[in-house]
Amino acid sequence: VIKSEAFFICNSIGGLVGLQAAAMEPQKCKGIFLLNISLRMLHISKQPWFGRPFIKSFQSLLRNTVIGKLFFSAVATPESVKNILCQCYHDTSAVTDELVQFILQPGLDPGAVDVFLEFICYSGGPLPEELLPRVKCPVLVAWGEKDPWEPVELGRAYASFDTVEDFVVLPNVGHCPQDEAPDLVNPLVESFVTRHS
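Numbering (the numbering used here), first residue to last: 226 to 422.
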């Protein structure tokens, strides 16, 4: 719980949470540092009209039948988590057994399957491009150039928003720059926080 002003440092879908919080409680956010924010490519407004019924049916199938639980069981294993992380990390040497366990552990908690299915079936809610104009604090966007899930070419559009003070491309980095290249990310965070403190 944030009781005073804070900086929000967010990655991927967490960037939407940070933007939403900053839009709803502007007095609590001094600045937002977004790393490879989720582009929400499965959002209903970004789906082709002809694909919407199929995507909705597939999401319903996952949510409402045993297939979703079976799918979760297949991905909630150390091997699957490692394979998924190796897809999104450009430097796969950063995918350690410790990281795999760190990511996997919450997935073993009661109710995790429901959270997972809601997450992968979420097609509504706000988009970054809807939230950025509502944010009153400074925003810095940094993006791993080699992100296979959230292409940097699409992310560059966020540089045009008035609240975005800079868009930084991180060379040879994938979807989780804070893990993969803390030597690039930490100085940017420190500089951003210092400028706006």
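Think of the CB as a built atom: it goes at the ideal place given N, C-alpha and C, for glycine as much as any other residue.
| Check | Outcome |
| --- | --- |
| Near arginine 359, which residues of its chain fall below 6 Å by C-beta distance, leaving aside the five closest residues on each side in sequence? | Ala248 |
| Express the C-alpha separation of glycine 276 and valine 433 in angstroms, rounding to a whole number. | Outside the shown range of the chain, which is 226 to 422, sits residue 433, and nothing can be said about it. |
| With distances taken from CA atoms, which of Asn397, Tyr314 and Ile328 is nearest proline 303? | Ile328 |
| So if DSSP puts phenylalanine 232 in a beta bridge, which residue, or which two residues, is it bridged to? | Gly256 |
| Decide if valine 242 is buried, meaning its Cβ has at least 16 other Cβ atoms within 10 Å, or exposed. | exposed |
| What is the residue span of the beta strand (DSSP E) that leucine 395 lies within? | 389-395 |
| Where glutamine 403 and glutamate 354 are concerned, what is the direct C-alpha to C-alpha distance, given to the nearest angstrom? | 23 Å |
| Check whether the stretch 394-408 touches the stretch 310-328, taking contact to mean three or more Cβ pairs, one atom from each stretch, closer than 8 Å. | yes |
| DSSP beta-bridge partners for glycine 369? | Leu395 |
| Pull up the CB-CB distance for isoleucine 257 and valine 364, whole angstroms please, since I reckon it's below 8 Å. | 5 Å |
| The alpha helix (DSSP H) with histidine 400 in it runs from where to where? | First-last for histidine 400: undefined, no H or E at that position. |
| Pull the bridge partners of valine 364 from the DSSP assignment, please. | Ile257 and Val389 |
| State yes or no: is the C-beta of serine 263 within less than 7 Å of the C-beta of serine 237? | yes |
| Taking the alpha-carbon of leucine 287 as reference, which of Val325, Ile345, Gly240 and Glu230 has the nearest alpha-carbon? | Ile345 |
| Mind checking which residues open and close the alpha helix (DSSP H) that includes threonine 419? | 407-421 |
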